[in-house]
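Using the numbering used here, you'd call the opening residue of the sequence shown number 2 and step up by one each time.
So the structure is just underneath, and the comments pick up after that.
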Amino acid sequence: MSEPSGVQGRVEAKERPGASRAAKRVLDFIWSNWLVLGFGLACVLGYFFPHVAARGGIIRSEYSILYGGIGLIFFINGMQLSPAKLKEHVTNWRLHIVVQGTNLVLIPVIQLIIVHIVIAAGGVSSGTVDASILVGMVVVSCIPTTIASNVVMTRNSGGDEAAAIIEVVIGNVVGSFLSPWLIYGFLPSGGEFDSLKPAKADTLGPMYANVMQQLGLSVLLPLVVGQSLRWTFPKQVSWTLRTFYLAPLCSVLLMLVAWSTFSGAFQTGALTALPKSSVIFNVFLNIAEYILFTAICYWIASPPEVMARLINGCVADSKLGLCLPGLIRRTLTVKRMPKELVVAVCFCGAAKTTSVGIPLAAAMWSQLDNFTISSIQVPVLLYTVEQVFIAQFFTIFFKWWLHRTNKSVVDAESTTTRDQRLATDEQGDSGCLEDGNISHDVSAELINANMLPEKHVS
2 MSEPSGVQGR
12 VEAKERPGAS
22 RAAKRVLDFI
32 WSNWLVLGFG
42 LACVLGYFFP
52 HVAARGGIIR
62 SEYSILYGGI
72 GLIFFINGMQ
82 LSPAKLKEHV
92 TNWRLHIVVQ
102 GTNLVLIPVI
112 QLIIVHIVIA
122 AGGVSSGTVD
132 ASILVGMVVV
142 SCIPTTIASN
152 VVMTRNSGGD
162 EAAAIIEVVI
172 GNVVGSFLSP
182 WLIYGFLPSG
192 GEFDSLKPAK
202 ADTLGPMYAN
212 VMQQLGLSVL
222 LPLVVGQSLR
232 WTFPKQVSWT
242 LRTFYLAPLC
252 SVLLMLVAWS
262 TFSGAFQTGA
272 LTALPKSSVI
282 FNVFLNIAEY
292 ILFTAICYWI
302 ASPPEVMARL
312 INGCVADSKL
322 GLCLPGLIRR
332 TLTVKRMPKE
342 LVVAVCFCGA
352 AKTTSVGIPL
362 AAAMWSQLDN
372 FTISSIQVPV
382 LLYTVEQVFI
392 AQFFTIFFKW
402 WLHRTNKSVV
412 DAESTTTRDQ
422 RLATDEQGDS
432 GCLEDGNISH
442 DVSAELINAN
452 MLPEKHVS
């Protein structure tokens, strides 16, 4: 009886370390991806207590979070970033064309095609998809990149957050003025859409003022103050960032932004009042579109070599392209961006912002009832909410992708160093052998020279 118990004890002792290792892996994964759980908690809080963090709610999120929280994110980023890095990306015209061209031109065209496919398939006439959802889809495709989440996600992935900040500023300044005209041009017409026509453009003045005020106070001003402190007190700023863990604080602040977005989505009541088929259709289409748009950004920023040579042969290296000024030709030349820059392009190019989308929809359809306005805003809210969740998983992927690349570079460098060391050792060994042979020959010659007199004497 003692032997089986002893065997059982050894088996349990072997199983215990395995179980502890598995539990440790699970805890490490949860800890490294705690932001996903934080977004889930924000969703739950927004669902059960939407009146707390929605606009006009208890904490007045339109000021405390959209100004205070986002402003603190860009203040911390301003203290972290190198001014030289920001200056470098300001003149990176290819970066601007790729991000803004994808975000404000290519995505609206793709969305327009999808909307007309749904209309042609009878999705609206059959009542499966509400017409206001399709109008909201056009709106979300035409608004600029988001303000906070893409910068934080880029930094968490190890990408170039300076490039992300520059594209946020450019995108929201250009997009705020361009988006209404894109919406006017891309909106479908006829049938059910006649009752959903937007107001005239002269009603958009307050919206422009609101967006420019938020962009200036929550992005530009904190960024300038942070950069000024970095210039003036570099050692003190570095100590403050390390001591108070300000970099991870940006992720916590991003959770507050997500909480406010979820609360706004649930507070309107449009999510529950709209046909379930319309909401489900929009939810799954948003997931597919965000993944598709991110893949497009990746292939444009890091195209295959064959495709790059083919395009350059027809554009930059063509007879007409060779006659263009150097700056324009370099901008049109298709080549792979650095991987850190590719990460920033993927997060900025596919993202959209509620900071422009929500007030823009409210201003353009101000003549309609509140429920219709909320219904048009639903795709904007859903897309911006879903992009945060999906982007967190892309953060895990890009972090692994950059780590694998860096590891390959380190392995290649170590292999080169080892080969050089072996070559040096072989040269040293051959040198020693040659020296030994020379000394042996010299010794033999001396011995023979000494023996000659002896023979002569004898």
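Glycine residues also receive a C-beta, built at the ideal position from the N, C-alpha and C atoms.
Between residue i and the rest of its own chain, which residues show a CB-CB distance below 6 Å, the 5 nearest in sequence each way excluded?
| i | result |
| --- | --- |
| G160 | E341, V344 and A345 |
| L183 | P109 and C143 |
| I74 | A149, C251 and L254 |
| A55 | S264, G265 and Q268 |
| P360 | M208 and N211 |
| G72 | S219 and P223 |
| W402 | none |
Let me make sure I understand the geometry here. Which of the options has the alpha-carbon closest to that of residue i?
| i | options | result |
| --- | --- | --- |
| S62 | L255, V136 and V116 | L255 |
| W260 | R22, G41 and R26 | G41 |
| V258 | G102, A85, V386 and V212 | V386 |
| S1 | V100, I167, Y68 and Y291 | No statement about residue 1 is possible, as the shown extent of the chain runs from 2 to 459 and does not include it. |
| L382 | A296, S356 and T406 | S356 |
| V136 | S150, S127 and V119 | V119 |
| D370 | E89, K198 and T295 | K198 |
| V335 | L311, P326, C349 and F348 | L311 |
| H90 | W402, A165, V174 and G327 | A165 |
| F395 | L247, S158 and A364 | S158 |
| G176 | V141, A200, L221 and V153 | V141 |
| F348 | W366, D318 and A296 | A296 |
| L107 | V280, G58, L28 and F294 | F294 |
| G186 | S367, L105 and C324 | L105 |
| K201 | Q368, D29 and R26 | Q368 |
| K400 | T155, I292, K277 and N78 | T155 |
| L205 | Q228, S180 and D29 | S180 |
| I171 | G350, V379 and K25 | G350 |
| I111 | E306, N78, V307 and Y291 | Y291 |
| T233 | K88, F30, A274 and G79 | G79 |
| N151 | M365, T354 and V379 | T354 |
Ordered along the chain, which non-local residues of its own chain (more than five positions away) have a Cβ less than 7 Å from that of residue i?
| i | result |
| --- | --- |
| G322 | V316, R330 and L333 |
| S116 | Correcting the residue type first, residue 116 is Val in the shown sequence and not Ser. Cβ within range, chain order: L135, M138, V139 and P189. |
| S133 | L197, T373, S376 and I377 |
| A363 | I374 |
| G70 | L254, L257 and V258 |
| I60 | V53 and A54 |
| G358 | V140, V141, I144 and V381 |
| C298 | T103, V346, C347, G350 and A351 |
| P249 | none |
I'd like to know if residue i contacts chain C, where contact means its C-beta is closer than 7 Å to some C-beta of that chain.
| i | result |
| --- | --- |
| P181 | Protein chains in the displayed structure number just one, and chain C is not present. |
Rounding to the nearest angstrom, what Cα-Cα distance links residue i and residue j in this structure?
| i | j | result |
| --- | --- | --- |
| L113 | H404 | 38 Å |
| L218 | D131 | 37 Å |
| W35 | P84 | 31 Å |
| T146 | A352 | 5 Å |
| E168 | A20 | 46 Å |
| L272 | E193 | 20 Å |
| D318 | R95 | 16 Å |
| V226 | G124 | 51 Å |
| W32 | A23 | 14 Å |
| E76 | A309 | Checking the displayed sequence, the identity of residue 76 turns out to be Phe instead of Glu. Approximately 38 Å between the Cα atoms of the pair. |
| A121 | A289 | 20 Å |
| I397 | K320 | 44 Å |
| G327 | N93 | 14 Å |
| L28 | Y384 | 30 Å |
| N173 | E306 | 32 Å |
| G314 | H97 | 23 Å |
| L325 | F178 | 30 Å |
| G128 | D203 | 33 Å |
So, is residue i buried or exposed, given that buried needs 16 or more other C-beta atoms within 10 angstroms?
| i | result |
| --- | --- |
| F263 | buried |
| G191 | exposed |
| F49 | exposed |
| F245 | exposed |
| N407 | exposed |
| W300 | exposed |
| R337 | exposed |
| Y64 | exposed |
| H52 | exposed |
| C433 | Low confidence applies here, because C433 scores a pLDDT of 49, under 50, leaving its location unreliable; read the following figure in that light. Classification of C433: exposed, given that the 10 Å Cβ count is below 16. |
| G102 | exposed |
| L38 | exposed |
| R231 | buried |
| C44 | buried |
| F282 | buried |
Between which residues of its own chain and residue i is the CB-CB distance below 8 Å, once the five residues before and five after are set aside?
| i | result |
| --- | --- |
| Y68 | Q215, L218 and S219 |
| L87 | A163, I166, I167 and Q228 |
| V284 | L383 and E387 |
The segment 232–249 in contact with the segment 379–396 per 3-pair CB rule at 8 Å: no
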